[in-house]
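Heads up, the sequence shown is in the working numbering, so the first residue is 4 and it goes up one at a time.
Structure record follows, encoded as structure tokens.
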Amino acid sequence: MKLTILGSGTSQGVPVIGCRCEVCTSTDSRDKRLRTSAMIETDGGARFVIDAGPDFRCQMLRAGVSRLDAILLTHEHKDHTGGIDDVRAFNFVDYPPVIHPVDIYAAPAAARVVRKDYDYAFEEEKYRGAPDIRLHEIDVARPLEIAGERIVPVSGHHSERFEVTGYRIGRMAYLTDFKTIADAEVGKLIGVELLVVNALRFRPHPSHFNVEEALALIARVAPRRALITHVSHEIGRHAATTALLPRGVELAYDGLEIII
Numbered sequence: 004m005k006l007t008i009l010g011s012g013t014s015q016g017v018p019v020i021g022c023r024c025e026v027c028t029s030t031d032s033r034d035k036r037l038r039t040s041a042m043i044e045t046d047g048g049a050r051f052v053i054d055a056g057p058d059f060r061c062q063m064l065r066a067g068v069s070r071l072d073a074i075l076l077t078h079e080h081k082d083h084t085g086g087i088d089d090v091r092a093f094n095f096v097d098y099p100p101v102i103h104p105v106d107i108y109a110a111p112a113a114a115r116v117v118r119k120d121y122d123y124a125f126e127e128e129k130y131r132g133a134p135d136i137r138l139h140e141i142d143v144a145r146p147l148e149i150a151g152e153r154i155v156p157v158s159g160h161h162s163e164r165f166e167v168t169g170y171r172i173g174r175m176a177y178l179t180d181f182k183t184i185a186d187a188e189v190g191k192l193i194g195v196e197l198l199v200v201n202a203l204r205f206r207p208h209p210s211h212f213n214v215e216e217a218l219a220l221i222a223r224v225a226p227r228r229a230l231i232t233h234v235s236h237e238i239g240r241h242a243a244t245t246a247l248l249p250r251g252v253e254l255a256y257d258g259l260e261i262i263i
């Protein structure tokens, strides 16, 4: 199985528009962060992308992707769903004669927002060129199977108002925008070799793990390797911050590929 970090930044990305801090002006390519997303390619040949934010088109072009088995959404916020219109490119990769619908999987709240924001994709009489989407509501309490792969949803809260869904696929688990997670959900993560988890910054934040909270979860799960993603410019430069982290833990960066 291979994991590719397509984007590792928070909702504003890094650099932030107009910011002149040392991170936003860094020349290190690892400090250039698109909005958070990841791609998983399994031994069985399946390819999944987690989240399709505003940078989705750029991420697909950069990674050279021409085929997807599914997009898994973590939640409904725009930095995770704002690029869904661009899935229409995948509809027509081999056109003519075949049009390929894109399968998107989401918890009910996220699915409702996708239907609202992209209502034109679900009309009975769609205009030519509208994205062809098959939207699947998932039960986050039950594993699902896509393209022959077992995927385990992992539930948490972004805040008291917003639920968020992570995913375990084989020996890898990916969580983003978590602020709290119940003990039973942590149990779903035990045994993973790679854990990807969000941490916005070192200071506490009301709706995201900070570094201390992310490291506490990593210690409970005890993976062989852990990556911190969905980071803001406040977390510092990649090289300096990674040097402060425990052994086996590092900041993710765009384009990072890991074989699991």
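Using N, Cα and C, we set each Cβ at its ideal position, and we do this for glycine too.
Going by the beta-carbon positions, is the gap between residue i and residue j smaller than 8 Å?
i	j	result
A73	Y121	no
L259	V234	no
S40	Q62	yes
L198	P226	yes
K35	D180	no
Contact defined as beta carbons within less than 8 Å: I believe residue i pairs with residue j. What is the distance between those atoms, to the nearest angstrom?
i	j	result
N201	H211	6 Å
A229	V214	Actually they do not touch by this definition, with Cβ atoms about 12 Å apart.
R137	P111	That pair is no contact at about 16 Å.
I53	T30	Contact flag wrong, Cβ pair sits at about 29 Å.
Residue i: buried (16+ other C-beta within 10 angstroms of its C-beta) or exposed?
i	result
E79	buried
F95	exposed
T7	buried
E152	buried
A185	exposed
Y170	buried
T244	buried
G132	exposed
G21	exposed
S11	buried
E148	exposed
For residue i, is the beta carbon positioned less than 7 Å from some heavy atom of the ligand COA?
i	result
L71	The ligand COA is not among the ligands present in this structure, which contains no ligands whatsoever.
Mapping the DSSP letters down to three states, classify residue i as helix, strand or coil.
i	result
K191	coil
V17	strand
H241	helix
F212	coil
R118	helix
H236	helix
F125	coil
V52	strand
L147	strand
S87	Correcting the residue identity first, residue 87 is Ile in this sequence and not Ser. It is helical.
A92	helix
A133	coil
According to DSSP, which residues form a beta bridge with residue i?
i	result
V224	Answer is none; V224 lacks a bridge partner.
D257	Looking at the DSSP assignment, D257 forms no beta bridge with any residue, so it has no partner.
T7	M42, E260
P156	Y170
T183	H160
H139	Y108
N201	T232
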